[in-house]
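Here is the structure we will look at.
What follows is the structure, encoded as structure tokens:
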């Protein structure tokens, strides 16, 4: 998912020299550099701050000073260019800190903009001497020379304040514990994990088919790949004719994606951006967003919210691949699974474990084990009713919609027996202009690395054929990039009731 912040300038094609003898860095349209999606403080919060209920953060003041400027491309350096002194005429530098980045603008004596970019904590830059800074933007660099070391320090400190503010106010950081994020990105930074996903034939082949069979939606289009990992979806987009792909990746696997791009000679087509989609900046809006954001039970890892967040870069008539998802649930009967899960706590029933009585912890162990959703697959004959479906439309849903997801259900029992829990799986649809392609994790379809998930009831319920089982499943998001699951179920004809509370962050892989 990652671009180098401030990348508004990471595109080589952006660098141009105007025939008016002034150097200029254009981003296709400077209007696009205004950080679309930047959120302003809600009016109600401003009101609270004025009333003293909430301390209003001080508004960052714009920085202005005189500089000299030199723009250099990688091609010039390869040609053995001897760097000349920066432009002799004094230019005016203005830095306007924002919530997610800083807007850097350089104008000449006539007030004409000769350089403009957005920078954030991922932008590559270094100090040159005591009074200059070199900002690297893709394959181009900008050398800014200040009048004094003091003015350079003021500039550097202004950027640091902006970055610290951005880290604090990032949507991702607000919803995620730091320890959880570190573990998450370390996991996906491993090539072995990327291999595990890429070798899921159903997953990879379905994405390939969905993109290539809808090539008309990608030809000559700009594409955003959210959480690109190895970059495989970005390569598919180029195969379908995409003009430009921005591949955003927050884990360290971004460096491997960049290696693949270069070794496949696609540096002019695919730009790997290192960072979180909630924090990076793109040089332009996009026509299509592609991603593989689904976790166990669809919602685990909360990457769906990042996928929805990426819509701030999507044009009004843009497309989402995948487009929507259906999560399915159904009651099941599996005495063996229930007893197997229950017996896992028998270890704690020992009254003389090396002379220690463990039995006082058996009840706590049973509660802990039953809080674990079970990741495995099963024979559909254990299902006792037709499924209930809940749809998430990615083109319409907002991030906040996934903070609390409630799925009511009423099942008409198709057979008599004990209900031990609810089984879950999901499908996603890629709705293109030419064809709609489905990726299914159903137990009737070839197995994927998502498997299926089953949640046990603490106490099984008996129901007869023709009776109804009603209740709800409630997903409540937590800061561990997962959900707490609450299940309540009742057999309407008898009033027998059961339920459970589960921790999706801690599943049991059977």
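Residue numbers (our numbering): 296 to 805. Just so it is clear, CB atoms sit at the ideal spot from N, CA and C, and this is done for glycine as well. All values derive from a computational prediction rather than experimental measurement.
As assigned by DSSP and simplified to three states, the class of residue i
i, result
"residue 607", "helix"
"residue 540", "strand"
"residue 475", "helix"
"residue 796", "strand"
"residue 744", "coil"
"residue 669", "strand"
"residue 496", "helix"
"residue 488", "helix"
"residue 571", "coil"
"residue 589", "coil"
"residue 363", "strand"
"residue 805", "coil"
"residue 400", "strand"
"residue 663", "helix"
"residue 566", "strand"
"residue 655", "helix"
"residue 561", "coil"
"residue 791", "coil"
Endpoints, alpha helix (DSSP H) assigned at residue i
i, result
"residue 550", "549-558"
"residue 637", "630-638"
"residue 527", "527-534"
"residue 468", "466-470"
The beta strand (DSSP E) enclosing residue i, as first and last residue numbers
i, result
"residue 754", "747-758"
"residue 688", "683-688"
"residue 778", "777-786"
"residue 286", "Beyond the ends of the chain as shown, which are 296 and 805, falls residue 286; an answer cannot be given."
"residue 706", "699-707"
"residue 715", "712-726"
"residue 512", "That residue, residue 512, is in no beta strand (DSSP E); it is neither H nor E in DSSP."
"residue 239", "Residue 239 falls outside the range modelled here, since the chain spans only 296 to 805, and no answer is possible."
"residue 762", "Taken as a continuous stretch (DSSP letters only), residue 762 belongs to no beta strand (DSSP E), as it is neither H nor E."
"residue 733", "731-735"
"residue 357", "Counting along the chain, residue 357 falls outside any beta strand (DSSP E), and DSSP gives it neither H nor E."
"residue 677", "Here residue 677 belongs to no beta strand (DSSP E), and DSSP marks it neither H nor E."
"residue 427", "427-432"
"residue 642", "It is not in any beta strand (DSSP E) - residue 642 carries neither H nor E in the DSSP assignment."
"residue 620", "619-627"
Environment of residue i [buried if 16+ CB atoms lie within 10 Å]
i, result
"residue 335", "Residue placement at residue 335 cannot be trusted, given a pLDDT of 41 that sits under 50; what the coordinates show is reported in the next sentence. Answer is exposed; the Cβ neighbour count stays below 16."
"residue 539", "buried"
"residue 703", "exposed"
"residue 292", "This structure leaves residue 292 out entirely; the chain is present only between 296 and 805."
"residue 409", "buried"
"residue 595", "buried"
"residue 612", "exposed"
"residue 734", "buried"
"residue 602", "buried"
"residue 579", "buried"
"residue 617", "buried"
"residue 441", "buried"
"residue 636", "buried"
"residue 693", "exposed"
"residue 587", "buried"
"residue 481", "exposed"
Whole-angstrom C-beta distance between residue j and residue i, which should lie under 8 Å
i, j, result
"residue 805", "residue 661", "With a Cβ gap of about 17 Å, residue 805 and residue 661 do not count as contacting."
"residue 748", "residue 719", "5 Å"
"residue 544", "residue 567", "7 Å"
"residue 715", "residue 633", "5 Å"
"residue 483", "residue 548", "6 Å"
"residue 592", "residue 764", "So it is not a contact: roughly 20 Å between Cβ atoms."
"residue 742", "residue 791", "Their Cβ separation, rounded to whole angstroms, is 34 Å, which puts residue 742 and residue 791 out of contact at 8 Å."
"residue 439", "residue 362", "5 Å"
"residue 657", "residue 644", "5 Å"
"residue 609", "residue 581", "6 Å"
"residue 622", "residue 706", "15 Å between Cβ atoms; not a contact."
"residue 778", "residue 784", "Incorrect: roughly 18 Å between the Cβ atoms, too far for contact."
C-beta contact flag for residue i and residue j at 7 Å
i, j, result
"residue 725", "residue 505", "yes"
"residue 414", "residue 437", "no"
"residue 781", "residue 769", "yes"
"residue 717", "residue 750", "yes"
"residue 759", "residue 472", "no"
"residue 729", "residue 509", "yes"
"residue 514", "residue 533", "no"
"residue 605", "residue 519", "yes"
"residue 524", "residue 490", "no"
"residue 628", "residue 679", "yes"
"residue 521", "residue 572", "yes"
"residue 597", "residue 776", "yes"
"residue 786", "residue 762", "yes"
"residue 358", "residue 500", "no"
Cβ-heavy atom distance, residue i to the ligand FMN, below 6 Å
i, result
"residue 623", "Because no ligand of any kind appears in the structure shown, any question about the ligand FMN cannot be addressed here."
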